[in-house]
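In the numbering used here, the protein residues as written are 40 to 652. First comes the structure, then the notes that go with it.
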């Protein structure tokens, strides 16, 4: 990044050292944890390959037009989110504030996930892996009951990592190991961001490219594992009937929207450091396509390994039944094998059905084990960690996996922090004599202190609340007003002139139709559908309660009324600035107009009086 001084002696806006730094930063911001642990899950539950149809439609008509718009407006006006929307119209100043608030709130829980990743990374060097076996009770040879009743993987996640409480109303204490990991995560973010784009422009060479190296290694390893084919068939077998479900189209739209990191303000800020003569259209298409291709590319090794895990569990289930049958019926081990298990079971059921029923054999169906795949933290810290145990050299694969997750999350955090710092600088809320390093340190420190709530025993419950509330409707609302602001306040003709100035050509008919009609309508439909679906059900959460009757299944509970109120506040708080700022500016405009009219009338009367006298 270079800094220059203009003809007036004022320091110009910083610039990227080269185009590669800018593209890698945008790709790193867009490609995040959701590409690895949510997209494969959505493909799995929504008809495999059939899900790609609504996903690609959302990419073309919603994702790419919004991505292009944010990159173009940031590059042209060379400001952060607040400066951009204030410049377009004073009535839209609240849109920039909303983006800044969302970036702050999302950064709180996003970096907490990185703290969890660090915790697992530190433990990945142990032999054996700590989540591969249950711990012993102190001064005893017996294993801890909670672990035995669930699994070592679940126990390590819920008890040894989160030390989770059985209810959201039971806060629990701060978990000191999580506090240390959280502080470490924020220190890493600060070090990487200490000099703004000057340092992150160097760091992204590693954080934006390393995940692709790891995914490729996992891909090669995963495709060679037994059961990998079953996992891929399960993932990509299309179920066309699922397209009749409106929830599929809703989830596809929200996935592509959040996956591209739209409405956070980070992309606007990053683009503001570009030279004005830059082809932002090509950049937007490139970043959007790479992001979606990465999601598909990540799904292949993920489900290859999950297919391997399901196959192992399936074979273990059958082997357990084989031992039970051979012991009870005193059949030689060689007479029942994995190959003839089904035939022998049918034979015994036909001859001695009552005795077979008494044995309560486990249900061994491969499809059921494949169905156990999960998204989010469940995929990263439960399902995948259990699969890693079965891999040869499991420590190496665990280290690679969590380094990859940390790289993905860290590059996304750069956009969240930039979405906070750039608006603060543009608003000149911080005195110029305070160095940027101090401002960045202050933001990171405040974020760390607020995020301590996620390190309590109930922290995971609150993180899910933040994730569901802050990362949903507020972003849809912000993006809707971004489109309205650029096309109907700034003006389509003026925006076309801006793009002509930057790229040498006007936007084609596809972009203009999307910006003016298709994308706003798409967002409005998705937003209304989301609100209607959420309004029809009382919000619930899954609690890990060892005293639950069906333990180790999680207990589904309704949120208490006071927590439900917080849910509503978190959904409204980020975007409340949009109507408030518009109302304030409207009132000020009216007062100024009245003041001007009174001043004009007094001047007229006074001048008339002077003539008369």
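Just so it is clear, CB atoms sit at the ideal spot from N, CA and C, and this is done for glycine as well. Nothing here was measured: the structure is a model prediction, and the numbers come from that model.
Opposing strand residues paired with residue i [DSSP bridges]
i: residue 594; result: 582
i: residue 495; result: 213
i: residue 381; result: None; residue 381 has no bridge partner.
i: residue 182; result: 175
Alpha-carbon to alpha-carbon, residue j and residue i
i: residue 362; j: residue 380; result: 11 Å
i: residue 466; j: residue 524; result: 19 Å
i: residue 232; j: residue 284; result: 43 Å
i: residue 214; j: residue 499; result: 12 Å
i: residue 97; j: residue 557; result: 11 Å
i: residue 526; j: residue 518; result: 12 Å
i: residue 188; j: residue 273; result: 29 Å
i: residue 118; j: residue 541; result: 16 Å
i: residue 344; j: residue 99; result: 31 Å
i: residue 509; j: residue 75; result: 20 Å
i: residue 544; j: residue 325; result: 18 Å
i: residue 479; j: residue 139; result: 14 Å
i: residue 420; j: residue 446; result: 16 Å
i: residue 56; j: residue 534; result: 27 Å
i: residue 568; j: residue 457; result: 31 Å
i: residue 621; j: residue 629; result: 12 Å
i: residue 122; j: residue 132; result: 8 Å
i: residue 585; j: residue 153; result: 27 Å
i: residue 61; j: residue 405; result: 46 Å
i: residue 339; j: residue 437; result: 18 Å
i: residue 394; j: residue 360; result: 14 Å
i: residue 165; j: residue 194; result: 17 Å
Coarse secondary structure for residue i, derived from DSSP in three states
i: residue 139; result: helix
i: residue 405; result: helix
i: residue 500; result: helix
i: residue 54; result: strand
i: residue 199; result: helix
i: residue 284; result: coil
i: residue 148; result: helix
i: residue 355; result: helix
i: residue 632; result: helix
i: residue 302; result: coil
i: residue 576; result: coil
i: residue 372; result: Unreliable positioning characterises residue 372 in this predicted model, as indicated by a pLDDT of 47, which lies under 50. A coordinate reading is not provided.
i: residue 472; result: coil
i: residue 604; result: helix
i: residue 615; result: coil
i: residue 253; result: helix
i: residue 328; result: helix
i: residue 390; result: helix
i: residue 610; result: helix
i: residue 397; result: helix
i: residue 264; result: coil
Which listed residue (the options) has its alpha carbon closest to that of residue i
i: residue 435; options: 92, 291, 167, 112; result: 167
i: residue 554; options: 575, 577, 542, 520; result: 520
i: residue 159; options: 170, 339, 182; result: 170
i: residue 136; options: 97, 290, 614; result: 614
i: residue 357; options: 340, 570, 343, 384; result: 384
i: residue 212; options: 514, 133, 493; result: 493
i: residue 253; options: 450, 59, 441; result: 441
i: residue 275; options: 342, 190, 228; result: 342
i: residue 282; options: 129, 451, 92, 219; result: 92
i: residue 570; options: 149, 507, 331; result: 507
i: residue 268; options: 249, 301, 348, 331; result: 348
Beta-carbon spacing of residue i, residue j below 9 Å
i: residue 353; j: residue 398; result: no
i: residue 502; j: residue 306; result: no
i: residue 204; j: residue 497; result: yes
i: residue 78; j: residue 459; result: no
i: residue 53; j: residue 237; result: yes
i: residue 350; j: residue 408; result: yes
i: residue 114; j: residue 317; result: yes
i: residue 296; j: residue 67; result: no
i: residue 575; j: residue 598; result: no
i: residue 70; j: residue 428; result: no
i: residue 183; j: residue 174; result: yes
i: residue 65; j: residue 310; result: yes
i: residue 85; j: residue 287; result: yes
i: residue 155; j: residue 333; result: no
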